[in-house]
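Asker: Start counting the sequence shown at 70; every next residue gets the next number (this note's numbering).
One structure coming up, written as structure tokens, with questions to follow.
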Amino acid sequence: MDMEDKTSSKVAFARFGTTDFQRVLDEHSLNLSGIALNELVGLDFVVMCGGHIPEWVAKVEEVVLPKSTGTCEVRLSEVRSLVGIWGTKEVNDAINETYYNFDGSRTILTEYPSDRIFTVGNPVQLRAKTDFRGALSLELAAQEVAATYRVKPSQVRITISSEV
70 MDMEDKTSSK VAFARFGTTD FQRVLDEHSL NLSGIALNEL VGLDFVVMCG GHIPEWVAKV
130 EEVVLPKSTG TCEVRLSEVR SLVGIWGTKE VNDAINETYY NFDGSRTILT EYPSDRIFTV
190 GNPVQLRAKT DFRGALSLEL AAQEVAATYR VKPSQVRITI SSEV
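This is the structure:
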């Protein structure tokens, strides 16, 4: 379903520290503590707050529970920064509808009437994932192909081409 088709968005307001913001830049993911996994189903956005002030709005790509860590991970596709524009009319109109009672002490989940919360702010440049271990990893793809055909991963060659 496209964002244009949605009538509301599920948003989490959460407090994060410096290392959490750095993890978003490096790994394009974060952990949301204090929320049950079933409550994260359908999560669209995370408003990342330093203390109780919103700093970034992150668009959720997927919520996963990796076997390796056993902790819930929220993977992000895009991030927008509110730093320097917090308090402006544009931001107030988009965020204050749900921000009214967030004090930073616990994560709050709420429904937001639209996706307008992600239309404000400046894009944050995320670092390229050079060691990504997910569905798009060529190393993982080679391992899966090798297992399927019962050969060594070193025997697998993957070529990507385009006719465009």
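Positions of the beta carbon are idealized from the N, C-alpha and C atoms, including for glycine.
#1: In terms of alpha-carbon separation, which member of A211, L101, F90 lies closest to V80?
#2: Answer yes if the region 220 to 227 comes into contact with the region 121 to 135, meaning at least three C-beta pairs across the two stretches below 8 Å, and no otherwise.
#3: Measure the alpha-carbon distance for A105 versus F114 and round it to whole angstroms.
#4: For K79, list the residues DSSP reports as bridge partners.
#5: Specify whether the region 131 to 145 and the region 85 to 104 touch according to this definition: at least 3 beta carbon pairs, one from each stretch, less than 8 Å apart.
#6: Between P192, R219, T138, which lies nearest to G153 when the distance is taken from Cα to Cα?
#7: DSSP beta-bridge partners for A245?
#8: Run the CB neighbour count on P123, radius 10 Å, all protein chains shown included, and call it buried at 16 or more, exposed below.
#9: Any idea if A216 is buried or exposed, counting beta-carbon neighbours within 10 angstroms, 16 or more meaning buried?
#10: Would you mind stating whether R84 and G173 have Cβ atoms separated by less than 8 Å?
#11: Are the beta-carbon atoms of R149 and F187 separated by less than 8 Å?
#12: Are the beta-carbon atoms of T176 and F90 separated by less than 8 Å?
#13: Just checking: is the beta-carbon of T87 within a distance shorter than 8 Å of some beta-carbon in chain E?
#14: Could you please give the first and the last residue of the uninterrupted alpha helix (DSSP H) stretch that includes D95?
Answerer: Quick answer:
#1: Translated into the one-based positions of the sequence shown, residue 80 becomes position 11. Considering only alpha carbons, the answer is L101.
#2: Counting Cβ pairs under 8 Å, fewer than three are found: no touch.
#3: As a first step, residue 105 is located in the sequence shown; it is residue number 36 there, counting from the start. As a first step, residue 114 is located in the sequence shown; it is residue number 45 there, counting from the start. Rounded to the nearest whole angstrom, the C-alpha separation of A105 and F114 is 16 Å.
#4: As a first step, residue 79 is located in the sequence shown; it is residue number 10 there, counting from the start. For K79, which the question treats as bridged, DSSP gives the partners L112, E180.
#5: Look at the beta carbons and you see the region 131 to 145 touching the region 85 to 104: at least three pairs across the two are nearer than 8 Å.
#6: Translated into positions along the sequence shown, residue 153 becomes position 84. Looking at the Cα atoms, P192 is the closest of the given residues.
#7: The requested residue 245 is not part of the displayed model; the chain covers only 70 to 233.
#8: In the sequence shown, counting from the first residue as 1, residue 123 sits at position 54. Under this definition P123 is a buried residue.
#9: As a first step, residue 216 is located in the sequence shown; it is residue number 147 there, counting from the start. Flag for A216 reads exposed.
#10: Position 15 of the sequence shown holds residue 84. Position 104 of the sequence shown holds residue 173. For R84 and G173, yes; Cβs fall inside 8 Å.
#11: Position 80 of the sequence shown, counting from 1, holds the residue named residue 149. Position 118 of the sequence shown, counting from 1, holds the residue named residue 187. Contact check for R149 against F187 passes: the beta carbons are separated by less than 8 Å.
#12: Along the sequence shown, one-based indexing puts residue 176 at 107. Along the sequence shown, one-based indexing puts residue 90 at 21. Contact flag unset, no.
#13: No chain E appears in the structure shown, which is made up of a single protein chain.
#14: In the sequence shown, residue 95 corresponds to position 26, counting from 1. In this chain, the alpha helix (DSSP H) harbouring D95 covers 87 to 96.
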